[in-house]
Amino acid sequence: MNKRALRADILLLITAGLWGFGFVAQSAGMDYVGPFTFNAVRFPLGTLSLVPLILFFKTRGILSTPHNTGHLAQVRMTLIAGTILFVAVMFQQIGMIFTTVGNAGFITGFYVVLTPVFGIFIGKKTGLPTWIGMVFAFIGLYFIFAAGNVSSINPGDLIILISASFWAVHILVIDHLVQKIDPLVLSAGQFAWCGAFSILAAFVLEPFVVNWARPLAAYIAEDFTAQQWTPFPTLLALVGSGGFLSHPVSGAVIPILYGGIASVGIAYTLQVVAQKDAPPAHATIILCLEGCFAAVGGILLRNEKPGSFTLLGFGFMLVAMFVTQWDVIGRKNHNL
(Lines of atoms letter the chains of each structure in order from A and count residues from 1; the text may use other names and numbers.)
(Lines give C-alpha, C1' and ligand atoms only; values in the text may rest on other atoms or scores of the structure.)
Protein backbone atom coordinates (compact mmCIF):
# COMPACT_ATOMS: atom_id res chain seq x y z
CA MET A 1 0.00 0.00 0.00
CA ASN A 2 1.45 3.39 -1.00
CA LYS A 3 1.70 6.32 1.38
CA ARG A 4 -1.16 8.27 -0.22
CA ALA A 5 -3.53 5.31 0.10
CA LEU A 6 -2.45 4.77 3.70
CA ARG A 7 -3.06 8.43 4.51
CA ALA A 8 -6.47 8.23 2.86
CA ASP A 9 -7.38 5.16 4.92
CA ILE A 10 -6.37 6.97 8.12
CA LEU A 11 -8.50 9.98 7.15
CA LEU A 12 -11.46 7.69 6.41
CA LEU A 13 -11.04 6.00 9.78
CA ILE A 14 -11.10 9.42 11.46
CA THR A 15 -14.21 10.26 9.43
CA ALA A 16 -15.99 7.08 10.58
CA GLY A 17 -14.99 7.90 14.16
CA LEU A 18 -16.29 11.47 13.93
CA TRP A 19 -19.59 10.25 12.49
CA GLY A 20 -19.88 7.45 15.04
CA PHE A 21 -19.24 9.71 18.01
CA GLY A 22 -21.69 12.14 16.43
CA PHE A 23 -24.43 9.84 17.73
CA VAL A 24 -23.08 10.48 21.23
CA ALA A 25 -23.36 14.23 20.63
CA GLN A 26 -26.92 13.83 19.36
CA SER A 27 -27.88 11.91 22.50
CA ALA A 28 -26.05 14.22 24.91
CA GLY A 29 -27.47 17.36 23.31
CA MET A 30 -31.00 16.21 24.04
CA ASP A 31 -30.27 16.29 27.75
CA TYR A 32 -30.84 20.03 27.32
CA VAL A 33 -32.75 20.74 24.10
CA GLY A 34 -35.33 18.97 21.99
CA PRO A 35 -34.67 17.10 18.72
CA PHE A 36 -35.74 19.90 16.40
CA THR A 37 -33.87 22.55 18.36
CA PHE A 38 -30.70 20.45 18.23
CA ASN A 39 -30.96 20.16 14.45
CA ALA A 40 -32.01 23.79 14.09
CA VAL A 41 -28.60 24.85 15.40
CA ARG A 42 -26.50 21.93 14.20
CA PHE A 43 -27.25 22.10 10.48
CA PRO A 44 -26.76 25.85 9.97
CA LEU A 45 -23.39 25.38 11.69
CA GLY A 46 -22.65 22.51 9.34
CA THR A 47 -23.53 24.70 6.36
CA LEU A 48 -21.24 27.51 7.50
CA SER A 49 -18.41 25.07 8.19
CA LEU A 50 -18.45 23.98 4.51
CA VAL A 51 -18.39 27.53 3.10
CA PRO A 52 -14.58 27.97 3.47
CA LEU A 53 -13.99 24.67 1.65
CA ILE A 54 -16.35 25.67 -1.18
CA LEU A 55 -14.63 29.06 -1.54
CA PHE A 56 -11.22 27.35 -1.49
CA PHE A 57 -12.23 24.98 -4.29
CA LYS A 58 -13.98 27.76 -6.23
CA THR A 59 -10.92 30.03 -6.28
CA ARG A 60 -8.94 27.14 -7.78
CA GLY A 61 -11.61 26.39 -10.35
CA ILE A 62 -12.16 22.79 -9.24
CA LEU A 63 -15.85 22.81 -8.40
CA SER A 64 -17.44 20.29 -10.74
CA THR A 65 -20.91 21.77 -11.31
CA PRO A 66 -21.67 21.68 -15.07
CA HIS A 67 -21.98 25.09 -16.74
CA ASN A 68 -25.49 24.28 -17.98
CA THR A 69 -26.79 23.85 -14.43
CA GLY A 70 -28.28 27.23 -13.50
CA HIS A 71 -28.68 28.68 -10.01
CA LEU A 72 -32.42 27.97 -9.93
CA ALA A 73 -31.80 24.34 -10.82
CA GLN A 74 -29.18 24.10 -8.08
CA VAL A 75 -31.62 25.54 -5.54
CA ARG A 76 -34.23 23.02 -6.61
CA MET A 77 -31.82 20.10 -6.33
CA THR A 78 -30.58 21.13 -2.89
CA LEU A 79 -34.20 21.58 -1.78
CA ILE A 80 -35.04 18.00 -2.81
CA ALA A 81 -32.01 16.58 -1.01
CA GLY A 82 -32.52 18.82 2.02
CA THR A 83 -36.16 17.80 2.41
CA ILE A 84 -35.31 14.09 2.48
CA LEU A 85 -32.38 14.78 4.80
CA PHE A 86 -34.69 16.66 7.18
CA VAL A 87 -37.12 13.73 7.38
CA ALA A 88 -34.25 11.27 7.94
CA VAL A 89 -32.62 13.27 10.75
CA MET A 90 -36.01 14.11 12.27
CA PHE A 91 -36.86 10.44 12.78
CA GLN A 92 -33.29 9.66 13.85
CA GLN A 93 -33.20 12.42 16.45
CA ILE A 94 -36.64 11.57 17.83
CA GLY A 95 -35.79 7.87 17.96
CA MET A 96 -32.66 8.64 19.97
CA ILE A 97 -34.82 10.04 22.77
CA PHE A 98 -35.69 6.47 23.68
CA THR A 99 -32.90 4.19 22.49
CA THR A 100 -29.16 3.88 23.04
CA VAL A 101 -26.34 5.43 21.03
CA GLY A 102 -25.09 1.99 19.96
CA ASN A 103 -28.50 0.85 18.77
CA ALA A 104 -29.00 4.09 16.86
CA GLY A 105 -25.62 3.75 15.15
CA PHE A 106 -26.07 0.18 13.97
CA ILE A 107 -29.76 0.45 13.04
CA THR A 108 -29.01 3.60 11.04
CA GLY A 109 -26.33 1.56 9.25
CA PHE A 110 -29.16 -0.60 7.88
CA TYR A 111 -29.38 1.99 5.08
CA VAL A 112 -26.28 0.32 3.58
CA VAL A 113 -28.40 -2.80 3.05
CA LEU A 114 -31.59 -0.98 2.06
CA THR A 115 -30.00 1.26 -0.57
CA PRO A 116 -29.38 -1.43 -3.23
CA VAL A 117 -32.80 -2.94 -2.50
CA PHE A 118 -34.56 0.40 -3.01
CA GLY A 119 -32.42 0.95 -6.10
CA ILE A 120 -34.21 -1.94 -7.81
CA PHE A 121 -37.34 0.24 -8.05
CA ILE A 122 -35.49 2.83 -10.14
CA GLY A 123 -33.89 0.34 -12.50
CA LYS A 124 -30.62 -0.33 -10.69
CA LYS A 125 -29.39 -3.92 -10.65
CA THR A 126 -28.33 -5.76 -7.54
CA GLY A 127 -26.88 -9.19 -6.97
CA LEU A 128 -26.85 -12.08 -4.55
CA PRO A 129 -24.68 -10.27 -1.92
CA THR A 130 -27.53 -7.80 -1.33
CA TRP A 131 -29.99 -10.55 -0.44
CA ILE A 132 -27.48 -12.41 1.72
CA GLY A 133 -26.74 -9.12 3.48
CA MET A 134 -30.46 -8.58 3.99
CA VAL A 135 -30.74 -11.93 5.78
CA PHE A 136 -27.85 -11.07 8.11
CA ALA A 137 -29.37 -7.63 8.70
CA PHE A 138 -32.77 -9.00 9.72
CA ILE A 139 -31.09 -11.44 12.10
CA GLY A 140 -29.10 -8.54 13.54
CA LEU A 141 -32.19 -6.37 13.88
CA TYR A 142 -33.98 -9.20 15.68
CA PHE A 143 -31.25 -9.44 18.31
CA ILE A 144 -31.03 -5.64 18.69
CA PHE A 145 -34.79 -5.16 18.91
CA ALA A 146 -35.56 -8.15 21.11
CA ALA A 147 -32.41 -8.02 23.29
CA GLY A 148 -33.47 -11.36 24.76
CA ASN A 149 -37.11 -10.40 25.22
CA VAL A 150 -39.35 -10.19 22.13
CA SER A 151 -42.17 -8.58 24.15
CA SER A 152 -40.11 -5.49 25.04
CA ILE A 153 -39.14 -3.99 21.70
CA ASN A 154 -37.98 -0.40 22.15
CA PRO A 155 -40.17 2.00 20.12
CA GLY A 156 -37.10 4.18 19.61
CA ASP A 157 -35.42 1.38 17.65
CA LEU A 158 -38.42 1.22 15.31
CA ILE A 159 -38.30 4.99 14.78
CA ILE A 160 -34.58 4.76 13.95
CA LEU A 161 -35.42 2.01 11.45
CA ILE A 162 -37.82 4.40 9.70
CA SER A 163 -34.99 6.91 9.62
CA ALA A 164 -32.68 4.33 8.01
CA SER A 165 -35.16 3.88 5.16
CA PHE A 166 -35.07 7.61 4.45
CA TRP A 167 -31.26 7.58 4.60
CA ALA A 168 -31.33 4.92 1.87
CA VAL A 169 -33.61 7.10 -0.27
CA HIS A 170 -31.31 10.04 0.44
CA ILE A 171 -28.28 8.09 -0.83
CA LEU A 172 -30.06 7.26 -4.11
CA VAL A 173 -31.15 10.87 -4.59
CA ILE A 174 -27.64 12.15 -3.91
CA ASP A 175 -26.21 9.57 -6.31
CA HIS A 176 -28.44 11.04 -9.03
CA LEU A 177 -27.92 14.72 -8.18
CA VAL A 178 -24.11 14.70 -7.92
CA GLN A 179 -24.05 14.12 -11.69
CA LYS A 180 -25.50 17.60 -12.07
CA ILE A 181 -24.09 19.64 -9.19
CA ASP A 182 -20.83 19.76 -7.25
CA PRO A 183 -20.96 17.50 -4.16
CA LEU A 184 -19.82 20.28 -1.81
CA VAL A 185 -22.39 22.75 -3.13
CA LEU A 186 -25.07 20.07 -2.87
CA SER A 187 -24.06 19.24 0.71
CA ALA A 188 -23.99 22.84 1.89
CA GLY A 189 -27.31 23.56 0.19
CA GLN A 190 -29.08 20.52 1.62
CA PHE A 191 -27.72 21.28 5.09
CA ALA A 192 -29.07 24.83 4.79
CA TRP A 193 -32.54 23.62 3.80
CA CYS A 194 -32.51 21.00 6.55
CA GLY A 195 -31.55 23.69 9.07
CA ALA A 196 -34.35 25.97 7.85
CA PHE A 197 -36.95 23.20 8.13
CA SER A 198 -35.60 22.29 11.59
CA ILE A 199 -35.92 25.90 12.77
CA LEU A 200 -39.54 25.99 11.62
CA ALA A 201 -40.22 22.63 13.27
CA ALA A 202 -38.55 23.80 16.51
CA PHE A 203 -41.10 26.59 16.74
CA VAL A 204 -44.17 24.66 15.61
CA LEU A 205 -43.75 20.93 16.28
CA GLU A 206 -41.46 20.50 19.27
CA PRO A 207 -44.07 21.33 21.96
CA PHE A 208 -46.24 18.52 20.56
CA VAL A 209 -43.29 16.12 20.56
CA VAL A 210 -42.86 16.65 24.30
CA ASN A 211 -46.50 15.77 25.01
CA TRP A 212 -46.37 12.75 22.69
CA ALA A 213 -43.05 11.44 24.04
CA ARG A 214 -43.93 11.43 27.75
CA PRO A 215 -46.38 8.50 27.67
CA LEU A 216 -44.12 6.63 25.23
CA ALA A 217 -41.18 7.10 27.60
CA ALA A 218 -43.32 5.80 30.46
CA TYR A 219 -44.14 2.76 28.33
CA ILE A 220 -40.49 1.81 28.01
CA ALA A 221 -39.85 2.61 31.70
CA GLU A 222 -36.91 4.97 31.18
CA ASP A 223 -36.13 8.42 32.49
CA PHE A 224 -37.36 11.12 30.15
CA THR A 225 -35.71 14.53 30.06
CA ALA A 226 -38.17 16.39 27.82
CA GLN A 227 -39.46 18.37 30.78
CA GLN A 228 -35.95 19.85 31.03
CA TRP A 229 -35.75 20.85 27.37
CA THR A 230 -35.30 24.56 26.77
CA PRO A 231 -37.75 25.63 24.02
CA PHE A 232 -36.18 27.15 20.92
CA PRO A 233 -37.74 30.63 21.41
CA THR A 234 -36.38 30.68 24.97
CA LEU A 235 -32.98 29.64 23.67
CA LEU A 236 -32.95 32.54 21.22
CA ALA A 237 -34.03 34.94 23.96
CA LEU A 238 -31.22 33.74 26.24
CA VAL A 239 -28.67 34.28 23.47
CA GLY A 240 -30.06 37.75 22.77
CA SER A 241 -30.05 38.79 26.41
CA GLY A 242 -26.60 37.42 27.17
CA GLY A 243 -27.95 34.99 29.76
CA PHE A 244 -27.16 31.88 27.79
CA LEU A 245 -23.88 30.94 29.49
CA SER A 246 -25.40 31.11 32.98
CA HIS A 247 -28.35 28.91 32.00
CA PRO A 248 -28.24 25.07 32.24
CA VAL A 249 -28.91 24.84 28.50
CA SER A 250 -25.32 25.98 27.94
CA GLY A 251 -24.44 22.32 28.54
CA ALA A 252 -25.68 21.66 24.99
CA VAL A 253 -22.97 23.83 23.44
CA ILE A 254 -20.30 21.15 23.05
CA PRO A 255 -22.66 18.45 21.67
CA ILE A 256 -24.15 20.92 19.18
CA LEU A 257 -20.75 22.25 18.10
CA TYR A 258 -19.53 18.69 17.65
CA GLY A 259 -22.65 17.69 15.72
CA GLY A 260 -22.48 20.73 13.45
CA ILE A 261 -18.77 21.32 12.91
CA ALA A 262 -17.00 18.02 13.62
CA SER A 263 -19.43 15.41 12.29
CA VAL A 264 -20.59 17.58 9.38
CA GLY A 265 -17.94 20.09 8.33
CA ILE A 266 -14.69 18.38 9.36
CA ALA A 267 -15.80 14.81 8.67
CA TYR A 268 -17.22 15.62 5.26
CA THR A 269 -14.08 17.52 4.30
CA LEU A 270 -11.90 14.58 5.34
CA GLN A 271 -14.10 12.20 3.35
CA VAL A 272 -13.81 14.33 0.21
CA VAL A 273 -10.03 14.56 0.54
CA ALA A 274 -9.56 10.89 1.43
CA GLN A 275 -11.71 9.35 -1.29
CA LYS A 276 -9.55 10.94 -3.97
CA ASP A 277 -6.78 8.49 -3.06
CA ALA A 278 -8.59 5.61 -1.33
CA PRO A 279 -9.79 2.61 -3.37
CA PRO A 280 -13.60 2.23 -3.11
CA ALA A 281 -13.14 -1.08 -1.28
CA HIS A 282 -11.16 0.65 1.46
CA ALA A 283 -13.76 3.41 1.81
CA THR A 284 -16.59 0.87 1.97
CA ILE A 285 -14.99 -1.21 4.71
CA ILE A 286 -13.78 1.67 6.85
CA LEU A 287 -16.93 3.81 6.72
CA CYS A 288 -19.03 0.79 7.74
CA LEU A 289 -17.25 1.02 11.10
CA GLU A 290 -19.33 4.09 11.97
CA GLY A 291 -21.72 1.95 14.03
CA CYS A 292 -18.82 0.43 15.96
CA PHE A 293 -17.58 3.87 16.93
CA ALA A 294 -21.11 4.83 17.98
CA ALA A 295 -21.37 1.76 20.23
CA VAL A 296 -17.95 2.43 21.79
CA GLY A 297 -18.87 6.08 22.32
CA GLY A 298 -22.12 5.11 24.00
CA ILE A 299 -20.29 2.78 26.38
CA LEU A 300 -17.49 5.23 27.22
CA LEU A 301 -19.38 8.53 27.30
CA ARG A 302 -23.04 7.65 27.95
CA ASN A 303 -22.49 4.72 30.33
CA GLU A 304 -24.43 2.33 28.11
CA LYS A 305 -24.17 -1.38 28.88
CA PRO A 306 -25.29 -3.44 25.88
CA GLY A 307 -26.17 -7.03 26.70
CA SER A 308 -24.95 -10.13 24.92
CA PHE A 309 -28.00 -10.24 22.60
CA THR A 310 -27.47 -6.62 21.59
CA LEU A 311 -23.76 -7.16 20.91
CA LEU A 312 -24.63 -10.21 18.82
CA GLY A 313 -27.04 -8.04 16.86
CA PHE A 314 -24.31 -5.45 16.31
CA GLY A 315 -22.09 -8.21 14.91
CA PHE A 316 -24.72 -9.44 12.47
CA MET A 317 -25.43 -5.88 11.31
CA LEU A 318 -21.74 -5.25 10.65
CA VAL A 319 -21.47 -8.49 8.65
CA ALA A 320 -24.59 -7.47 6.70
CA MET A 321 -23.00 -4.15 5.72
CA PHE A 322 -19.83 -5.84 4.51
CA VAL A 323 -21.66 -8.59 2.62
CA THR A 324 -23.99 -6.12 0.89
CA GLN A 325 -20.97 -4.19 -0.38
CA TRP A 326 -19.11 -7.30 -1.52
CA ASP A 327 -19.46 -6.33 -5.18
CA VAL A 328 -17.36 -3.26 -4.42
CA ILE A 329 -14.98 -4.97 -1.99
CA GLY A 330 -14.33 -7.90 -4.33
CA ARG A 331 -13.60 -6.01 -7.53
CA LYS A 332 -10.29 -7.22 -8.91
CA ASN A 333 -9.31 -3.80 -10.21
CA HIS A 334 -9.30 -2.35 -6.68
CA ASN A 335 -6.33 -3.54 -4.74
CA LEU A 336 -6.91 -4.30 -1.09
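Everything in the sequence shown is counted per the numbering used here, starting at 759 for the first residue and increasing by one.
Even for Gly, the Cβ is constructed at its ideal location relative to N, Cα and C.
Just to confirm the assignment, what range does the alpha helix (DSSP H) spanning residue i have?
i, result
"Gln1083", "Gln1083 -> no alpha helix (DSSP H), and no H or E assigned at all."
"Asp933", "913-935"
"Arg800", "793-817"
"Ile939", "Taken as a continuous stretch (DSSP letters only), Ile939 belongs to no alpha helix (DSSP H), as it is neither H nor E."
"Gly1065", "First-last for Gly1065: undefined, no H or E at that position."
"Val905", "Looking at the sequence itself, residue 905 is Ala, so the reference to Val does not match. No alpha helix (DSSP H) holds Ala905; DSSP gives it neither H nor E."
Please list, in chain order, all residues of the same chain as residue i whose beta carbon is under 8 Å from its beta carbon, the five residues on each side excluded.
i, result
"Ile842", "Phe924, Val927, His928, Val931"
"Met854", "Phe781, Gln784, Ser785, Met788, Pro793, Ala862, Gly914, Ile918"
"Val809", "Ala946"
"Ile1019", "Leu803, Gly804, Ser807"
"Phe849", "Ile917, Ile918, Ile920, Ser921, Phe924"
"Ala1096", "With the chain covering only 759 through 1094, there is no way to say anything about residue 1096."
"Gly998", "none"
Is residue i helix, strand or coil by DSSP?
i, result
"Ala763", "helix"
"Leu963", "coil"
"Trp777", "helix"
"Trp1103", "Look at the range of the chain in this structure, 759 to 1094, and you will see that residue 1103 is not part of it."
"Thr988", "coil"
"Met1075", "helix"
Beta-carbon within less than 7 Å of residue i's beta-carbon, same chain only, minus the 5 sequence neighbours each way: which residues are those?
i, result
"Phe1002", "Leu996, Ser1008"
"Pro1006", "Tyr790"
"Ala1082", "Correcting the residue type first, residue 1082 is Thr in the shown sequence and not Ala. Val870, Val871, Pro874, Pro887, Thr888, Gly891, listed in sequence order."
"Ala922", "Ile865, Thr866, Phe868, Tyr869, Leu872"
"Val1022", "Gly804, Ser807, Phe949"
"Ala1041", "Leu770, Gln1033"
Beta-carbon within less than 6 Å of residue i's beta-carbon, same chain only, minus the 5 sequence neighbours each way: which residues are those?
i, result
"Phe949", "Phe801, Gly804, Thr805"
"Gly947", "Thr836"
"Phe815", "Leu821"
"Gln986", "none"
"Thr773", "Ala1025, Leu1028, Gln1029"
"Ala766", "Ala1032, Asp1035, Ala1036"
Query raised in the report: What are the complete alpha helix (DSSP H) segments, minimum 4 residues, inside the segment 820-894?
Result: Look at the segment 820-894 and you find these whole runs of alpha helix (DSSP H), each 4 residues long or longer: 829-853, 859-866, 869-877.
Report task. Counting only runs of 4+ residues fully inside the segment 1000-1046, write out the alpha helix (DSSP H) ranges in chain order. Result -> Uninterrupted alpha helix (DSSP H) stretches at least 4 residues long and entirely within the segment 1000-1046 occur at 1011-1015, 1025-1032, 1038-1045, given in chain order.
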